[in-house]
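See below for the structure under consideration.
Protein chains: 2
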Amino acid sequence: MTSTDPTPRPAVRPTRQRRAVAAALAGFDDFRSAQEIHDLISQQGESVGLATVYRTLATLADAGEVDMLRNEDGEAIWRSCSDTHHHHLVCRTCGATVEVEGPAVERWTSAIATEHGYADISHTLEIFGTCPACR
Amino acid sequence: MTSTDPTPRPAVRPTRQRRAVAAALAGFDDFRSAQEIHDLISQQGESVGLATVYRTLATLADAGEVDMLRNEDGEAIWRSCSDTHHHHLVCRTCGATVEVEGPAVERWTSAIATEHGYADISHTLEIFGTCPACR
DNA sequence: ACGCTGGTTGAGAACGATTGTCAAACTGGG
DNA sequence: CCCAGTTTGACAATCGTTCTCAACCAGCGT
Chain A
1 MTSTDPTPRP AVRPTRQRRA VAAALAGFDD FRSAQEIHDL ISQQGESVGL ATVYRTLATL
61 ADAGEVDMLR NEDGEAIWRS CSDTHHHHLV CRTCGATVEV EGPAVERWTS AIATEHGYAD
121 ISHTLEIFGT CPACR
Chain B
1 MTSTDPTPRP AVRPTRQRRA VAAALAGFDD FRSAQEIHDL ISQQGESVGL ATVYRTLATL
61 ADAGEVDMLR NEDGEAIWRS CSDTHHHHLV CRTCGATVEV EGPAVERWTS AIATEHGYAD
121 ISHTLEIFGT CPACR
């Protein structure tokens, strides 16, 4: 085989819209809803459809380039993230976010899961509180 | 004071509808959506409006008598629960649920939060996996 | 540079969960 | 039995998110 390109070739094209979303994500470090991100893009003079924002965020989330989690109302909120596994400490008033790591927690969850015979484990852990500035 | 009834008097009345929701909740031990609970009630011959199911579930959740969490689609799902603080190990295939407790995790989250100056802490922690029966 | 092919986009409709509205029905106390 | 405050239900209204589909654009071979 003459390097028959084994990769399925995702064919993700670098378009103006995707750049705009990436730029918007780079502009803040707390979690924002798709609507807010859409608004931010508009304020930056760009024009990107809301549906496209959703599509792009979903793609980025699949690629592991952004974190997506749900706030207490069940809305999806996103932000760019580091590539290591971590969790978040989020201010429920202003949204200020701190990435935290807890090896012990990771160990605990897999131990618990194994103990009950569960396989293929994943978990969600988010901490909400009021940050110093908002108290 | 002659016991001037300092409580705002919640006046939660035991109605047919509330009993029906409670009965439905007692009928299963995994998490179900409001719609599913509503359907279950119908199948049991009772007739309760969907809005009432939502209202009742919200009330029960406030009272701490049911757990409410969100599945991966962001939908709210409920089930009756024990009264101690705990988390869940949920099978992502069949929904089988195990309540788990992790004092260490509770301690860790509050420690992390305090360390960063966050107050009034709450947290969510759910573990998803494939149960023995579904493997 | 030109045209083709398939990924991408946008506007708006469609959707589905959840909440709000408001008059009618119900509950418990007096 | 009456009254005042709760609760309910049918349905409209929200709201976040996804779908639809024709127009558009990027990369590639010629």
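Taken in sequence, the protein lines are chains A and B. Using our numbering, the final residue of the first sequence is 135, and nothing's skipped along the way. Using our numbering, the final residue of the second sequence is 135, and nothing's skipped along the way. No residue lacks a Cβ here, since even glycine has one placed at the ideal position from N, Cα and C.
Cβ of residue i within 7 Å of any chain B Cβ
{"i": "A/Phe-128", "result": "yes"}
{"i": "A/Ala-113", "result": "yes"}
{"i": "A/His-123", "result": "yes"}
{"i": "A/Cys-134", "result": "no"}
{"i": "A/Arg-70", "result": "yes"}
{"i": "A/Thr-59", "result": "no"}
{"i": "A/Gly-102", "result": "yes"}
{"i": "A/Gly-74", "result": "yes"}
Member of the options whose CA lies at the smallest distance from the CA of residue i
{"i": "B/Ala-119", "options": "A/Leu-89, A/Glu-99, A/Ser-47", "result": "A/Leu-89"}
{"i": "B/Pro-132", "options": "A/Glu-36, A/Ser-80, A/Ala-20, A/Thr-114", "result": "A/Thr-114"}
{"i": "A/Cys-94", "options": "A/Arg-135, A/Gly-117, A/Thr-84", "result": "A/Arg-135"}
{"i": "A/Glu-106", "options": "A/Gly-129, A/His-85, A/Gly-27", "result": "A/His-85"}
{"i": "A/Glu-101", "options": "B/Gly-102, B/Arg-92, B/Ile-112, B/Glu-101", "result": "B/Ile-112"}
{"i": "A/Arg-19", "options": "A/Ser-47, A/Gly-129, A/Ser-33", "result": "A/Ser-47"}
{"i": "B/Asp-67", "options": "B/Arg-13, B/Ala-34, B/Ile-41", "result": "B/Ala-34"}
{"i": "B/His-141", "options": "A/Gly-117, A/His-116, A/Gly-129, A/Pro-14", "result": "Past the boundaries of the shown model lies residue 141 of chain B; chain B is included only from 1 to 135, so the question cannot be answered."}
{"i": "B/Glu-72", "options": "A/Thr-124, A/Arg-55, A/Arg-32, A/Asp-39", "result": "A/Thr-124"}
Expected contact under 8 Å - CB spacing of residue i and residue j to nearest Å
{"i": "A/Glu-99", "j": "A/Ser-82", "result": "7 Å"}
{"i": "B/Ala-61", "j": "A/Trp-108", "result": "In fact, because the Cβ distance is near 26 Å, the residues do not count as touching under 8 Å."}
{"i": "B/Gln-17", "j": "B/Thr-52", "result": "5 Å"}
{"i": "A/Ser-96", "j": "A/Asp-30", "result": "The residue you asked about is not Ser; residue 96 of chain A is Ala in the sequence shown. Between A/Asp-30 and A/Ala-96 the Cβ distance is about 6 Å, and since that is below 8 Å, they are a contact."}
{"i": "A/Gly-74", "j": "B/Gly-74", "result": "4 Å"}
{"i": "B/Gly-27", "j": "B/Leu-40", "result": "6 Å"}
Chain A within 7 Å of residue i, Cβ atoms only
{"i": "B/Trp-78", "result": "no"}
{"i": "B/Ser-139", "result": "This structure leaves residue 139 of chain B out entirely; chain B is present only between 1 and 135."}
{"i": "B/Tyr-118", "result": "yes"}
{"i": "B/Val-98", "result": "yes"}
{"i": "B/Leu-89", "result": "yes"}
{"i": "B/Arg-107", "result": "no"}
{"i": "B/Cys-131", "result": "yes"}
{"i": "B/Gly-64", "result": "no"}
Residues of its chain near residue i, where Cβ-Cβ distance is below 7 Å and the 5 sequence neighbours each way are ignored
{"i": "B/Glu-65", "result": "Ser-80"}
{"i": "A/Glu-126", "result": "Leu-69, His-87, His-88, Val-90"}
{"i": "B/Gln-155", "result": "With chain B covering only 1 through 135, there is no way to say anything about residue 155 of chain B."}
{"i": "A/Arg-32", "result": "Ile-77, Trp-78, Arg-79"}
{"i": "B/Ala-63", "result": "none"}
Beta-carbon contacts of residue i that lie in its chain and below 8 Å, excluding the five residues immediately before and after
{"i": "A/Ile-37", "result": "Val-21, Ala-24, Leu-25, Val-53, Leu-57, Trp-78"}
{"i": "B/Ser-110", "result": "Ile-121"}
Spatial neighbours of residue i in its chain, beta-carbon cut-off 6 Å, leaving aside the 5 residues before and after
{"i": "A/Arg-92", "result": "Phe-128"}
{"i": "B/Arg-55", "result": "none"}
{"i": "A/Pro-14", "result": "none"}
{"i": "B/Val-12", "result": "none"}
Practice task
Anything in the segment 20-33 of chain A with a Cβ closer than 9 Å to a Cβ of chain B? List those residues in chain order, please.
Solution key: With the criterion set as a beta carbon lying under 9 Å from some beta carbon of chain B, the segment 20-33 of chain A has no members that meet it.
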